[in-house]
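One structure below.
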Amino acid sequence: MNKYIEFIYYKTIKRNIIILRKLGRNIDEKMFLMFILFVLCISVFIGVYFHLSLKGIAILSFLYTGTAISLPTILYENKIEALENNIPKALYVMILALESGRSINEALDEVVKSNIKEVSTVFKRVLYLMEKQKISFEEAITVVSTLYGSDVLKMLSKILIENRKYGGDLAEPLKILAKTLEDLKLYKRQLLSVTGTGLALGFIILCGVVPAICGLLGAYFIATSKMLSGMSPLPPVTPEDISRGLEIIQMGTVIIGMLFAIPIFGLKIERMFLISSITMTSGILVYYGILKVASGLFT
1 MNKYIEFIYY KTIKRNIIIL RKLGRNIDEK MFLMFILFVL CISVFIGVYF
51 HLSLKGIAIL SFLYTGTAIS LPTILYENKI EALENNIPKA LYVMILALES
101 GRSINEALDE VVKSNIKEVS TVFKRVLYLM EKQKISFEEA ITVVSTLYGS
151 DVLKMLSKIL IENRKYGGDL AEPLKILAKT LEDLKLYKRQ LLSVTGTGLA
201 LGFIILCGVV PAICGLLGAY FIATSKMLSG MSPLPPVTPE DISRGLEIIQ
251 MGTVIIGMLF AIPIFGLKIE RMFLISSITM TSGILVYYGI LKVASGLFT
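Sequence positions in the sequence shown follow full-length UniProt numbering and run 1 to 299.
Structure below.
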């Protein structure tokens, strides 16, 4: 049992502290735990404010807390994505330097001077390890690429190491790598542009229009039951009925968020938490807002 608790604690707390330190955030375990507790308390407060059922409050708290725990990973993935997107720019700077007769170290230094977002910091660390720590180029580039965990950076480091070992024209494989990365980036952009329109339309309909219609119906039934109180054989609409409707909207938008996250980010739990939290919050706000506004109109 203790092993499972330690494993969960490592995945949710310790691992995030390591990631935050990679991001340059000096946050300890106590501060992160307090942040998680704060998010949990806010989640319960929001659930009570919107008159959610216990099940609804539990779902909302689970999603918001899960999103808070996932934030360091999401931020780090964004950092790595920015790094990989800017590597082609750095490669072209290196290619120009190499073709003008400079060494690999001088080419890396040119990238540092160019101040390319994220990439310059990486190469600066490589040069620091070589100059200050007196370790070899191969060890320095391997340590840094392993630290960042980027597949593209690992591929680049492998090309650089192989070239140092066997020699040859380094500019040519770097040109091929830069062109491949640019083509991949263009393909991803085209794929997102194709799916993005459909997903945006689906988001508006499923997380905006549907909750709004449900809110209007709820307000209409509340107003009708008040006007026909004691005159209609139908039972009056109670707050519990409205709460159940809100719970249905909540569950539906959570599932929609999970399904939306897959085509954009793949099967990543952290992104599913984030997107589901956004869709759920949108659905609840629209439903509750329309319910309150329309109630005044019908009366």
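Don't be surprised by glycine CBs; every beta carbon is placed ideally from N, CA and C.
All values derive from a computational prediction rather than experimental measurement.
Range of the contiguous alpha helix (DSSP H) that encloses residue i
i: Thr73; result: 54-99
i: Lys22; result: 15-22
i: residue 304; result: Limits of the chain in this structure are 1 at one end and 299 at the other, which puts residue 304 out of reach.
i: Phe45; result: 29-49
Cβ neighbour criterion (16 or more within 10 Å) applied to residue i
i: Asn26; result: exposed
i: Met31; result: exposed
i: Ala82; result: exposed
i: Ile59; result: buried
i: Glu270; result: buried
i: Thr197; result: exposed
i: Ser100; result: exposed
i: Ile176; result: exposed
i: Phe123; result: buried
i: Tyr148; result: buried
i: Val152; result: buried
i: Glu6; result: exposed
i: Tyr76; result: buried
i: Leu98; result: buried
i: residue 305; result: The requested residue 305 does not occur in the structure, where the chain is confined to residues 1 to 299.
i: residue 310; result: Residue coverage of the chain in this structure runs from 1 to 299, which leaves residue 310 outside it and unanswerable.
i: Pro263; result: exposed
i: Glu110; result: buried
i: Glu29; result: exposed
i: Ser276; result: buried
i: Gly218; result: buried
i: Leu23; result: exposed
i: Gly245; result: buried
i: Ser150; result: buried
Supposed contact pair residue j and residue i - C-beta distance, whole angstroms, cut 8 angstroms
i: Ser70; j: Phe273; result: 5 angstroms
i: Gln250; j: Gly283; result: 7 angstroms
i: Val119; j: Asn78; result: With a Cβ gap of about 15 angstroms, Val119 and Asn78 do not count as contacting.
i: Pro72; j: Asn16; result: 4 angstroms
i: Thr65; j: Ser43; result: 7 angstroms
i: Ser53; j: Glu247; result: 6 angstroms
i: Ile256; j: Thr279; result: 5 angstroms
i: Pro211; j: Tyr287; result: 4 angstroms
i: Ser157; j: Ser145; result: 4 angstroms
i: Ile57; j: Gly47; result: 3 angstroms
i: Ile116; j: Lys89; result: 5 angstroms
i: Thr253; j: Cys207; result: 5 angstroms
List in chain order: all unbroken alpha helix (DSSP H) runs of 4+ residues lying wholly within the UniProt domain "Type II secretion system protein GspF" (91-213).
-> With a minimum length of 4 residues, the continuous alpha helix (DSSP H) runs that stay inside the UniProt domain "Type II secretion system protein GspF" (91-213) are 104-114, 119-131, 137-148, 151-166, 171-204.
Touch check for the stretch 185-192 and the stretch 120-136: three-plus C-beta pairs under 8 angstroms?
-> Result no; under three Cβ-Cβ pairs closer than 8 angstroms.
Does the stretch 90-108 come close enough to the stretch 201-220 that 3 or more CB-CB pairs lie under 8 angstroms?
-> Judged by Cβ distances under 8 angstroms, the stretch 201-220 makes no contact with the stretch 90-108, as fewer than three pairs qualify.
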